[in-house]
Structures are given as C-alpha cells and as structure tokens.
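Residue numbers (my numbering), protein chains in the order written: chain A, 181 to 559; chain B, 17 to 307; chain C, 914 to 1235.
Here a beta-carbon is modelled for each residue, glycine too, at the ideal position from N, C-alpha and C.
From a predicted model like this one, the values you see are computed outputs, not experimental measurements.
Pasting the structure below:
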C-alpha cells in the first residue's frame, strides 16, 4: 500500500509538473551579444537592457500570460562562436525568436543558419547588407551605416564643401561605413581626396592626419568605434587642423566626449534621438519613449547609450509581434514582425514591410554637434 | 614633403619610445630567467588602470602614480612566486603558455575590477600642442620621451654600476655559475619581475593620457614590446630600446609613404627580414647551440 | 595492436551520434572539436615532434578557408577543386617560408611565426575586394563531394569526423615512419641529429609543410560548413589557442593533441556560463595545468589512471594506450 501510494504520488507530481509546464511554458528569447571583447561597449548595454525589460515584463505578468525567458551567450566578438551559439540556441535551447548579433560580422555569420532553420531574428548590427537584399527571417533595428553616411554627406554639402578626407579603422563597422561613404559621395557632388586607415588599437593617428592635412580636404570624416575615434579627434587638434570633423553614430556616447575632452568641441555626428532626448520638442512623439527608457536605464546602470536602445526596440517589436500572433508560432511571429508599423522606438518610428526589414527613414537620425561637453541638435 | 617627413619622424619616435619602454621590461625578465613574459603588456595596463582608479578616488596624480606602480610591482612579485618559480626548468613552449595564461588571468581580474569601459588620465601638463619646427607634439609625448630616456639611463647604470645589477647580468649569462659564486638566483628572479612590472606600470601611467586604457589595452602593447625586444636581440635592454624606436619610426613612415592600412604588415615584414638576415636580432649576442 | 587506440577512438566518434541523436553537444560542438583536432594534430607534428613552435598557425587555417571561400564564390570553382587548391597553396607557401623561418630558434622563431600570422591577418582585413574585409565573405556554397551535397549538422559531423580520423591515422603512421624518427631526433638535439646524417633542415621543412596542409584542410572544411568566413576566426588569439591545445594535451603524442583539442573546445563551451569570470578562470586553468602537469593532460591523466589502476590490472591499461 505504501508503495502504491508512493507511485501514485510520483505520478501525480509528474502530471502536475507537466500541467504546470504547459500553463506557464515560457516564451524563450535567444540572444547572442558581444558582451566582452573590443565591441563590448555595444553588447554590454544591449544585454543589460534585455535583462532589465524582460524582468519588467515578467513582473507585469509576462506576454499572453506566459513568462519570458532570456537565454544569452557572449560571443566575445568571435564569429565562429556566434555561429555555434546560434545553433545551440535553436537546437539545444529551443528558443522561439532570436535577438542579437551585436556586430555585423556576427550577424552575417549566423544568417545562413537562421534562414535554414526558419526562426525570426532581429539583428542589432548596423550594416545595410544585413537587410539588402531582404532575407525572409532577418530583421534589424539600428540605423544603417548608409543612413549615417548620407546624413554626414548631406550636411557637408549644405555647408558648401566638396573635398572630403576619409579616415577609418580596421573593424567591420569602420570598413562598411567607408564603403558607404565611397559609394554615396558622388551623389552629393563630393570628391574624396584622401582615404586613410588605422588599426583600432593604435595609439597615434597623427601620421594619417598629417597626410590629410596636405591633401586639400575641406572636411574630415572618421568612421570608427571605441577609443580610436577619440584619439583621432585629439590628434586633429594637436596638429592644429581646423577643418570640420565628422564622426559616425558609433561614438554617440558620453564616453567619447569624456575621452576626447576639449578636442571634441565642434565635432558633428549623426546620432539617434536618444542622446538628445531632453532637447526634443514636446510635440515629438518619440520624446516620452526616449525619456522613459533613458530614466529607467540610468536609474539602474548609469549613463545610457544608443546601443542599449536598439535592444529595447528589438525586444518590444518582438513582444508586440508575439502578442499579435497570439503565440510563438515562428512563421506567424515572423509575419507579424514584418507588419510592424508606427512602432515608436528609441531609434525612430518603425514601419516595416516585405521590402524593408528595418523600417526607419533618414529622419530617425539627428545631426548633432558637441558643444560645451554635451550634444546639441543642429537641425 | 620635408615638413610631413618631420612630423612622421616625431610621431614615430613618440610611439617608438612607448614600445621601447614595454620592450625594456621584456628584456629585463628574459635576462634573469630566460622567460619571455607575455604578461608584460598586462603590467602596463594594470599600472594605467590602477592609477586612473586611484586618481578618481581622490588621490593626487603624483601619489596615484606611485601607489599604482607599487601595486603593479606587487603583482609582478606574486606572478613570479606563484607561476614562474614552480615551473623552473620548463620548456620554452610551456613558459610561453604559462605567461599567456597569466596575461589572460590579469585581464580577467581587470575586467572584474573596472568593467569594459575606456578610461583616461588627465595629461600631466596640459593639452596645448607644442610646435617643433613644422611638427607638433603633445606635452604628454615629451613626458613619455623624457621619462623613457631617464629610465633607460637608470637601467643601464643599474646593470653596469650596482652589485645587484651585475649579479642579475651574471644570472643571464650562466645561472649555475652565478649560483656557484654566491648569487641568490631566486632573489634575482624576484628583483627582475618586480623591476619590469614597475617599468611596465610607469609606461602605462605615462601613456594613459594619450592612448586611454581599458582592460584589454595591454594586448597590443605587449605584442609591440615583444617585437621591439626581439628586433633588438632579446635580453639586450639597450637593444630593446633601439628596436622599439626603430619599429615606431618604421610604422609611421610605412603609414605615411606606403599605406596606412598595411602599416602593421610592413612593420612585421621588417621584423621578419631582420630575423632572416640576423637570426638573433640586431644587437643580440650570438649564442652557441647547447648539445 | 599498434593502432588499437585509434580504433577505440574511431568507434567512440562513430557511436556518439547514435547514442545521443540530434544532440547539440555531439553534433555541433563535436564538429567544432573535430576541426580543432585536425589543427592540433597537424601542429603537434611541428611543435611536439620537430620541436619548432609556431604562433602563427591560424594563417594556414585561414589560407585554406579563404581559398575555398574566394574560389567557390567569386570564381564558381567546384568546392572539391577549391579545397585541393587551398591545400596546394598552403603547402607551397609553407615550403617557401620554411627554410628562413625554421633557421630561427626559440623566441626568435616564436616572433617570426607570430609576425607571419599577423601579416596574413592584416591582408585578410585590408584586401577588401578579395576577402570582403572585416565583415567577411558570406554565401559560401556547401561542400559537394562528387555529387553529394553535404548539408545539415549530422552530415557535417560525419564528414568532419571522417576527415579527422584520416588526419589522426596519417599522423600516427607518419610518426612511426622514418620521417617520424628523424623528427624526434631533431627535437632531441638538432646538432646530434645532423651528426647522424639527418638532413635537419629538410626534416623540419617536411613537418612544417605537413602541418600547414592539415591546417588548410581544416580551414576549407570550416569555410564550407559555416558558409561564412571572416578574419576574426584566424587571428592571433586562434593561433595561441592552437598552441594551447597541443601543449595542454601533451607534446609529441598524437592522442595528446586529440585530447587537448577536445578538452579546450569543451572548456570554452563550458566556461560560457561564467560570463565575466570566464577570462579569469580560463587564465588560471592554463597556468595551473602547465605548472602542475607540464607533460600535458593526456600524459598527466593517464599516469593518474595508472596509479589508480596499478593495484588491479596494471598491464592491460598500458597496452591499450600505446
């Protein structure tokens, strides 16, 4: 009898377990970000944002009555690991959607698998090649480097300048930014008089800038991430070069201003509205979203960065799509992500379509200038 | 053109003196222990990061620099005691892996202590560039150059004039013989690690205002410092200094006149060429093969 | 009985996917480990047997990968032909550089190979029109073996496992041949080997070329399997990892290299969960193994097993390991 009771107990426990598991079967979001390594300043705020908002959503009862579970792996910027982790997420962890791919390299590396397995994937990387040509399962939320290049070149033309020197690092972000500038420049009637490169861990770029100084350039564009653009900015001042200096959206964070110090004054760059949230007019529909994200992030982790904002956009678009799809059926969620329209995120207003898997237009970027150690919108 | 060339040379010498300082640390440790310490770059990073942290905690710059250097010396001694001493007599490959392991470990410690952000130290004497003929330098670069010269002279005097220096030199030529004449090889080893950790830390503190620092900052500097030490002939401190300057100038000229994208390839091609024609570096002592 | 260890290993490799069907750790981590084994076994011929260190071996790994990637995407070569071209290219380059590089000793050799690896990496990053630059090359077609398209993780597991076993078998035979004996003599004392009439330069060159060809072989398979290559996979860190595998497992033992490659692959997968502590633990483990088991994991662990089992069937163990 005792034995029978025991068996009964075990069986009912098992059944209860199954029942429970079914009722609260969590929605699994898989994520692979570059939290360590050279691009960690991108991936770190992305992960923190995902964790913070998923905790928040769960506290409010989850999505469609189900909790969200985040499964994350750090790629360390190694594309080989990115590929293996994505396989692990799909095959071993059985996740429902993927949000991640901090760098273009990581994203491009996993696309063949994502397409083959058929799982919705929202990339947090910049390059335009991620969504052009359109890939069925792949979406992205950050602005493209092509938009950044267009914004910069447009401003240079507005100033009536036509000869530009380009200086870029040796990373993926830098190189694809360079490609975009080279491709778009003729459309703006701009000629490139210098095209220099540096290593992202170099400590001095005065040699390249000395060449630029005598190239007859009227403006300088620097595409880069991390500390190198700050060194470039300082070196420009050191050499007494007074040409307008444009940086990319890659340095739109307080760290850049802190590192470059006084040399950063007057530097212009395209940036997501997040960095100038307070300065937006109250009529701007993005303003409340931006301030809410900024305050929440800063209360917990310190200075906000636009990169974390991309994770917010990716997560919220995914959650909304799952709600509309009424479940985690992969094909349905994919279709709903594609139908995202009028979603107000930190990067801008998203209107996706079968032809556009990003859904942002040029207005999403603000051209800002560094003024008295802070950002100022100049248009 | 001559004006450009002058700026390239100035840049090359400033960058080169940095490589020289790191290379000097490699040479010191190699001299005492026949070990190439691949964690030398991490000493540089630790010095810089500790100084920045102390300065942010309210220490005056000068005091922060001294305390950071002493802390790094402590780390160097710990490394010697717990990773190098137990592995005495290990093969070249084993010691390379041990010191690479140490480098990864120290990076891991720095990551936990300071996170992944970049930090800067304020320049010692302002940011106003100084005109030198047609070229410009930052005052901080002059600090790097000046301190490098002083340190090189001190190291030279230490080896030539002082008893511990001569003893250290003796260890490098023949450890058994050194022991036989009453030199405490163990103490000498510790001295070498402490010294080169201190040198590394000083280098880190000097360059932090120019290059910024993060937990990974030591990787590239360690690599360049090692190259400097090899080009100059490993174990020859003055050779390492010459190698560093040569490498820095070469990088600047390569970037200036050939291609900035390929400047690292040019620099390492030069290193390869040197080794093909001078298999023990430019100023290395030719040693006979041990049978 | 000479190849008993090999047959046991082959049986385990073949049985794993049957025992654990569709298991991520077997099929995906397993293929990754398989490629590492090919690389480590090849490098072990150079480091372990010939006693010559290389801190730039990722260059040959990358050469094979990029040869396959570029030839099959930009020139529409059949994948098998691209693979062979990669092997030949790696062999030729290794042969040209072998003599001047292997003339160097100790840390000078470490420097030269390091420089070689860095130059190769700079080219992968900078020669954008060919290599796709830092963002890499995508859309590499799957491997086509005489009409059979290798597709899916399980098929890849099979192909890479077969390739790995082939390399291990070749290495075991090579080590036991005249060349292998010459290699060991060079490792012991180059001077003495020369006295015995061994052409030491030629022997070292052979080891260098073979290990480069093995690395390129792994690279080509890697490119087709991932359908994507970028310079990140062939940087200095990878070169150091390869040396670590060889040393970790135990020098001058083919199974030591196998053991090291598998151990490091699993370690990297396992440490992922420690996030910020990953580096700290990785560094500490490397130091600890090298300090306390200077002969490597394979020898260290088998000795420990020996001591354990010595009270019982002492001889049975030893025979199966030889």
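Mapping DSSP to helix, strand and coil, what is residue 219 of chain A?
-> Coil, per DSSP.
Classify residue 299 of chain B as helix, strand or coil using the three-state DSSP reduction.
-> Residue 299 of chain B: coil per DSSP, three-state reduction.
How would you call residue 53 of chain B, buried or exposed, if buried means at least 16 neighbouring beta carbons within 10 angstroms?
-> Residue 53 of chain B is buried by the Cβ-count criterion.
Could you name each continuous beta strand (DSSP E) segment of 3 residues or more that falls completely within the segment 217-280 of chain A, going from the start of the chain to the end?
-> 248-254 and 277-280
Mind checking if residue 150 of chain B is an interface residue toward chain C, Cβ cutoff 8 angstroms exclusive?
-> no
Own chain, CB closer than 8 angstroms to residue 284 of chain A, minus 5 neighbours either side, in chain order = 305, 306, 307, 309, 310, 352, 353 and 356
Which term fits residue 201 of chain A, buried or exposed, when burial requires 16 or more other beta carbons within 10 angstroms of its beta carbon?
-> Legend: pLDDT at residue 201 of chain A = 44, less than 50; position of this residue unreliable, value from coordinates given subsequently. That one is exposed.
8 angstroms Cβ shell around residue 1028 of chain C - same chain, five flanking residues per side excluded = 969
What does residue 303 of chain A pair with, by DSSP beta-bridge criteria?
-> A/280 and A/320
What are the complete alpha helix (DSSP H) segments, minimum 4 residues, inside the segment 178-203 of chain B?
-> 179-189 and 191-196
For the putative contact between residue 214 of chain A and residue 223 of chain A, defined by C-beta atoms under 8 angstroms, what is the C-beta separation to the nearest angstrom?
-> 4 angstroms
In chain C, what lies closer than 8 angstroms to residue 263 of chain A by C-beta?
-> By Cβ distance, chain C contributes 1139 and 1141.
Could you give the DSSP three-state label for residue 990 of chain C: helix, strand or coil?
-> coil
Does the segment 935-945 of chain C come within contact of the segment 263-278 of chain A, defined as at least 3 CB pairs closer than 8 angstroms?
-> Yes, since at least three Cβ pairs between the segment 935-945 of chain C and the segment 263-278 of chain A fall closer than 8 angstroms, the two stretches touch.
Contacting residues, own chain, Cβ-Cβ under 8 angstroms from residue 1198 of chain C (five flanking each side not counted) = 1180
Proximity below 8 angstroms, CB of residue 39 of chain B to CB of residue 248 of chain B = yes
Name, please, each residue of chain A whose Cβ falls closer than 9 angstroms to the Cβ of residue 226 of chain B.
-> The contacting residues are 383, 384, 411 and 414.
Contact list for residue 295 of chain B against chain C, beta-carbon separation under 8 angstroms | 1016, 1017, 1018 and 1021
Rounded straight-line distance, which links the Cα of residue 961 of chain C to that of residue 1204 of chain C | Between residue 1204 of chain C and residue 961 of chain C, the C-alpha separation is close to 18 angstroms.
Can you tell which of C/972, C/1155, C/1104 and C/1087 has its C-alpha closest to the C-alpha of residue 112 of chain B?
-> When each option's Cα is compared against that of residue 112 of chain B, the closest is C/1155.
8 angstroms Cβ cutoff met for residue 126 of chain B and residue 228 of chain B = Not in contact: residue 126 of chain B and residue 228 of chain B (Cβ atoms no closer than 8 angstroms).
Should residue 360 of chain A be flagged as near chain B, meaning a C-beta pair shorter than 8 angstroms?
-> Taking CB atoms only, residue 360 of chain A has no neighbour in chain B less than 8 angstroms away.
If you check the beta carbons only, do residue 435 of chain A and residue 133 of chain B fall under 8 angstroms apart?
-> yes
Mind checking if residue 1129 of chain C is an interface residue toward chain D, Cβ cutoff 8 angstroms exclusive?
-> Absence of chain D from the displayed structure is noted, the protein chains being A, B and C.
Just the C-alpha distance for residue 275 of chain B and residue 398 of chain A, rounded to the nearest angstrom, thanks.
-> 22 angstroms
For the segment 1124-1207 of chain C, list the alpha helix (DSSP H) runs that are entirely contained and at least 4 residues long, ordered along the chain.
-> 1149-1162, 1167-1184 and 1191-1205
Any C-beta of chain C sitting closer than 8 angstroms to the C-beta of residue 285 of chain A?
-> yes
Alpha carbon of residue 390 of chain A to alpha carbon of residue 413 of chain A, nearest angstrom | 13 angstroms
Could you say which of B/22, B/61, B/29 and B/27 lies nearest to residue 213 of chain B if we only look at CA atoms?
-> B/61
What beta strand (DSSP E) runs, 3 residues minimum, are completely inside the segment 404-474 of chain A?
-> Those beta strand (DSSP E) runs which fall completely within the segment 404-474 of chain A and span 3+ residues are 425-427 and 448-452.
With a cut-off of 8 angstroms, do at least 3 Cβ pairs link the segment 950-965 of chain C to the segment 1120-1138 of chain C?
-> Segments in contact, yes.
Have a look at the DSSP bridge pairing and note the partners of residue 371 of chain A.
-> A/343
When we look at the beta-carbon of residue 1064 of chain C and count the other beta-carbons within 10 Å, is it buried (16 or more) or exposed?
-> The residue is exposed, with fewer than 16 neighbouring Cβ atoms inside 10 Å.
Residue range of the alpha helix (DSSP H) that residue 954 of chain C falls in?
-> Counted as a single uninterrupted DSSP element, the alpha helix (DSSP H) harbouring residue 954 of chain C occupies residues 937-957.
Ignore the nearest five residues each way along the sequence and tell me which others in residue 297 of chain A's own chain have a CB closer than 7 angstroms to its CB.
-> 270
Between the segment 1136-1145 of chain C and the segment 283-291 of chain B, do at least 3 Cβ pairs fall closer than 8 angstroms?
-> no
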